[in-house]
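Working notes, structure below.
Numbering (my numbering), first residue to last: 1367 to 1592.
What follows is the structure in structure tokens.
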């Protein structure tokens, strides 16, 4: 594991050159503190269409991120979504494959409820992907009873969806950072030989029961449109 303040550069095949340049990075051995099994009340956040009720989200059918594997930008799939769909599927597939190998006690992204850990994370997501929350309301949901919840930086998904080709060693490294709870900011990344700084967007993978907090809503309309 790199020292806490070190900068790890994950290269891609378009710039890394020969396979021999790759060295397997050691995976996390630190205790997991981004997985919670508890009954203490949490408040989590999501973007919903006006009037929509809290659904059973999963990445295959839709989520508070406003996307599915078939339509990453939200709404019905279009022909232009095909390439993005492949990238999205590839990213989700490898994260799930790695979870089953090393983090199988964590909720699966394919079946857990996907929410934002805080209001700040939801607003950061809106700033990064305004088209995915346009016209939606920010809703707060409160946990009820026992639950399992893990927290991860969704910016790793943005990195995996960039138009580059990563080696299996690099994919495993990214997946380990994601599941261990590290943020993109902590690690430091490059894309096309340039720094790739991204603010964290912490998502919550939740298994349990939620109830909406009525009266807490914030519009996802952009300033000037409403």
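All C-beta atoms, glycine included, are put in the ideal place defined by N, C-alpha and C. Note that the coordinates shown come from a computational prediction; the quantities given were computed from them, not determined experimentally.
Taking residue 1485 as the centre and dropping the five residues before and after it, the same chain places the C-beta of 1411 closer than 6 angstroms to its C-beta, in chain order. Here residue 1471 is exposed. Its C-beta has fewer than 16 other C-beta atoms within 10 Å. The Cβ neighbour count for residue 1569, taken over all protein chains shown within 10 Å, is at least 16; the residue is labelled buried.
Remark: three or more beta-carbon pairs, one from each stretch, lie closer than 8 angstroms, so the segment 1558 to 1566 and the segment 1515 to 1526 are flagged as touching.
By the neighbour-count criterion, in which a residue is buried when 16 or more other Cβ atoms sit within 10 angstroms of its Cβ, residue 1490 is buried. At a Cβ-Cβ threshold of 7 angstroms, residue 1401 and residue 1507 do not count as neighbours. Contact between residue 1505 and residue 1571 is ruled out by a C-beta separation of about 18 angstroms, above the 8 angstroms threshold. Out of 1454, 1455, 1405, 1461, the CA that lies nearest to the CA of residue 1547 is found in 1461.
Proximity to residue 1573 across 1479, 1543, 1528 peaks at 1479, based on C-alpha coordinates.
If you draw a straight line from the Cα of residue 1533 to the Cα of residue 1539, it is about 10 angstroms long. Per DSSP, the unbroken beta strand (DSSP E) holding residue 1404 starts and ends at 1401 to 1404.
Secondary structure at residue 1493: helix, using DSSP grouped into helix, strand and coil. Between the alpha carbons of residue 1501 and residue 1408 lies a distance of about 26 angstroms. Take the alpha-carbon of residue 1477 and the one of residue 1404: they are about 19 angstroms apart. An exposed status is given to residue 1531, since fewer than 16 other beta-carbon atoms sit within 10 Å of its beta-carbon. DSSP, reduced to helix, strand and coil, places residue 1540 within a helical segment of the structure shown. Per DSSP, the continuous alpha helix (DSSP H) segment holding residue 1525 begins and ends at 1521 to 1526. As DSSP reads the structure, residue 1560 sits in a beta bridge with 1557. Under DSSP, the beta-bridge partners assigned to residue 1572 are 1479, 1515. Per the C-alpha coordinates, the member of 1528, 1551, 1553, 1558 positioned closest to residue 1456 is 1528. When the beta-carbon positions are compared, residue 1549 and residue 1519 come within less than 7 angstroms of each other.
Nearest neighbour of residue 1483 by Cα position, chosen from 1516, 1511, 1473, turns out to be 1516.
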